[in-house]
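Residue numbers for the sequence shown follow the numbering used here, so the first one is 13 and each next one is one higher. Where is the CB? At the ideal position from N, CA and C, for every residue including glycine. See structure below.
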Amino acid sequence: MDTPTLLAPLPLRGVTLRNRLVVAPMCQYSVTDGFVGDYHLVHLGRFALGGFGLVIVEATGVTPEGRISHGDVGLWSDDHVPGLARVVEFLHAQGAAAGIQLGHAGAKASSRRP
Ligand SMILES: Cc1cc2nc3c(=O)[nH]c(=O)nc-3n(C[C@H](O)[C@H](O)[C@H](O)COP(=O)(O)O)c2cc1C
């Protein structure tokens, strides 16, 4: 059997990625109170436009005190959902799958923005 190339689709249970190119989660330290907005729409959306199969949202705090820094994305409230949903809808519309890295930074949480 031939080895699949990076550009071959990748079925993962119920989702098939259009290729094997994945954007790793990358903290941007660029939001207030955990709310994503235009910055993340552009930052993550450009990867979908560029053809990545899967785009993973940066480490996202499940509690406010569990964020790496206070500039991190958050998902500890339903109020955070619309901003993230807007990004996901754009990624899907451009043919990319969306992922998210849920996190709690433990003892290293709640530091200042770098
Ligand atoms: C700007 C930046 C932000 C990053 N933020 C995260 C993060 O939120 N979560 C994480 O697990 N890794 C983070 N990383 C690490 C990357 O996910 C990745 O593991 C690292 O860049 C090495 O990737 P590579 O092994 O493909 O070279 C970050 C890396 C960079 C450059």
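| field | Terminal residues of the alpha helix (DSSP H) in which P94 lies | value | 93-105
| According to DSSP, residues forming a beta bridge with V35 | V67
| Status (buried if at least 16 other CB within 10 Å, exposed otherwise) for R58 | exposed
| Should L101 go down as buried or exposed, given a rule of 16 or more other Cβ atoms within 10 Å for buried? | A quick correction: the sequence has Glu, not Leu, at residue 101. Exposed, since its Cβ has fewer than 16 Cβ neighbours within 10 Å.
| Mind checking R125: buried by the 16 CB within 10 Å criterion, or exposed? | exposed
| What number of angstroms, rounded off, separates the C-alpha of T17 from the C-alpha of L114? | 29 Å
| query | Which residue or residues does DSSP assign as beta-bridge partners of F47? | reply | T44
| Candidates V48, R25, Y41, P21: which alpha carbon is nearest R98's? | V48
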